[in-house]
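Written below as structure tokens is the structure these notes are about.
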Ligand code: 4NP
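Numbering (this note's numbering), first residue to last: -15 to 136.
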């Protein structure tokens, strides 16, 4: 079982989408996907309604997810930890205790060779069109991750 964690700031916009989209592409017997936020603002909340809506329009249901905060024990529970941007990467690395912990953390967009800016834009103050482009960016990147992990 390979375990992958998606991490953003609030765990209500970006990482719930990355969690739901990647999960939809992989066999759940071989892959466990989860998400978390580096901030505590939204603990226990459902994903943002705009993330729920754009996912639903692509037949992915993320409405049952509940926000939680990233914690140091996640380094032991996961094989790969994807940070949605550099700021979240830095917040995750600040909790690392070993070199092995640090090696597990990557910028999510490092998996997308066609994108130069490695930060997934924070859509919180954006509109519906920002969430649509967010979905497409995350979906394209999850296709690359899926190809890599399943040797397609
Ligand atoms: P996320 O977006 O990190 O993609 O979940 C945000 C959600 C909430 C806030 C910022 C970003 N906030 O400031 O409350």
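Positions of the beta carbon are idealized from the N, C-alpha and C atoms, including for glycine.
Got a sec? Which residues, its chain only, sit under 6 Å from residue i by beta carbon, not counting five neighbours each side?
{"i": "residue 31", "result": "-4, 0, 46 and 49"}
{"i": "residue 17", "result": "-12, 3, 6 and 7"}
Just to confirm, is the Cβ distance from residue i to residue j under 8 Å?
{"i": "residue 40", "j": "residue 126", "result": "no"}
{"i": "residue 60", "j": "residue -13", "result": "no"}
{"i": "residue -6", "j": "residue 25", "result": "yes"}
{"i": "residue 128", "j": "residue 96", "result": "yes"}
{"i": "residue 66", "j": "residue 92", "result": "yes"}
{"i": "residue 86", "j": "residue 53", "result": "no"}
{"i": "residue 104", "j": "residue -2", "result": "yes"}
{"i": "residue 51", "j": "residue 29", "result": "yes"}
Per DSSP, what are the beta-bridge partners of residue i in this structure?
{"i": "residue 66", "result": "-10 and 90"}
{"i": "residue 18", "result": "-11"}
{"i": "residue 53", "result": "21"}
Within 10 angstroms of its Cβ, does residue i collect 16 or more other Cβ (buried), or is it exposed?
{"i": "residue 101", "result": "exposed"}
{"i": "residue 68", "result": "buried"}
{"i": "residue 3", "result": "buried"}
{"i": "residue 98", "result": "exposed"}
{"i": "residue 35", "result": "buried"}
{"i": "residue 58", "result": "buried"}
{"i": "residue 77", "result": "exposed"}
Counting only the same chain and skipping the five closest in sequence on each side, list residues whose C-beta sits under 8 Å from that of residue i.
{"i": "residue 55", "result": "20 and 79"}
{"i": "residue 132", "result": "95"}
{"i": "residue 70", "result": "91, 102 and 103"}
Apart from the five residues just before and just after residue i, which ones in its own chain have a Cβ nearer than 7 Å to its Cβ?
{"i": "residue 72", "result": "-9, -8, -7 and 22"}
{"i": "residue 112", "result": "34"}
{"i": "residue 114", "result": "107"}
{"i": "residue 44", "result": "4, 5 and 8"}
Is there at least one Cβ from chain D nearer than 8 Å to residue i's Cβ?
{"i": "residue -11", "result": "The structure shown has no chain D; it contains just one protein chain."}
Are there any heavy atoms of ligand 2 lying less than 7 Å away from the beta-carbon of residue i, as far as the coordinates show?
{"i": "residue -7", "result": "Ligands present in the displayed structure are limited to ligand 1, and ligand 2 is not among them."}
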